[in-house]
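Down below is the structure, laid out as structure tokens.
Numbering (the numbering used here), first residue to last: 33 to 156.
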């Protein structure tokens, strides 16, 4: 993983269950903020095990939906790569229009602009 190549990463949603059977240290680091700060549980990782509210935990079921936020200047941006997932109730804005739309896996310099989407409403 690097700041430019970040993933794969599972984004929690309400009702989804995260198991602590593999990659426990990674999962503890990646999801601690959600479980502790946003969902109001005590969280500890020690001796290779996760403890939630003082009890050993094999899994955790999320109570809220979360989002991964990324800034448009990704090489110089503090975003979810720095501060983690954002709970849905912390999102206060919404997109109004599509300013630019590029074909997936092609860039600006390749001339792969989707002209029919520019300056359209972002509302469904």
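Beta carbons are placed, not taken as given, at the ideal position from N, Cα and C, and that holds for glycine.
Cβ of residue i within 8 Å of any chain B Cβ
| i | result |
| --- | --- |
| residue 129 | Absent from the structure is chain B; it holds one protein chain and no more. |
Residue i classed as buried or exposed, judged by whether at least 16 other C-beta atoms fall within 10 angstroms
| i | result |
| --- | --- |
| residue 130 | exposed |
| residue 88 | exposed |
| residue 60 | buried |
| residue 40 | exposed |
| residue 82 | buried |
| residue 151 | exposed |
Assumed close pair residue i, residue j - CB separation to whole angstroms, cut-off 8 Å
| i | j | result |
| --- | --- | --- |
| residue 67 | residue 92 | 6 Å |
| residue 21 | residue 95 | Any property of residue 21 remains undetermined from this structure, which presents the chain solely from 33 to 156. |
Own chain partners of residue i with C-beta closer than 6 Å, once the 5 adjacent residues on each side are dropped
| i | result |
| --- | --- |
| residue 99 | 118 |
| residue 45 | 97 |
Residue range of the beta strand (DSSP E) that includes residue i
| i | result |
| --- | --- |
| residue 106 | Where residue 106 is concerned, there is no enclosing beta strand (DSSP E), given that its DSSP letter is neither H nor E. |
| residue 78 | 75–78 |
| residue 83 | 81–84 |
Residue range of the unbroken alpha helix (DSSP H) whose run includes residue i
| i | result |
| --- | --- |
| residue 61 | 56–65 |
| residue 114 | 112–115 |
Residues bridged to residue i [DSSP beta-bridge criterion]
| i | result |
| --- | --- |
| residue 50 | 92 |
| residue 41 | DSSP, once it has assigned bridges, lists no residue as partnering residue 41. |
| residue 98 | 119 |
| residue 134 | 145 |
| residue 87 | 84 |
| residue 129 | 153 |
Chain-order list of residues whose beta-carbon lies under 8 Å from that of residue i (same chain, five-residue window excluded)
| i | result |
| --- | --- |
| residue 80 | 56 and 57 |
| residue 121 | 96 |
| residue 62 | 41 and 116 |
Own chain partners of residue i with C-beta closer than 7 Å, once the 5 adjacent residues on each side are dropped
| i | result |
| --- | --- |
| residue 51 | 90 and 91 |
| residue 101 | 111, 112 and 118 |
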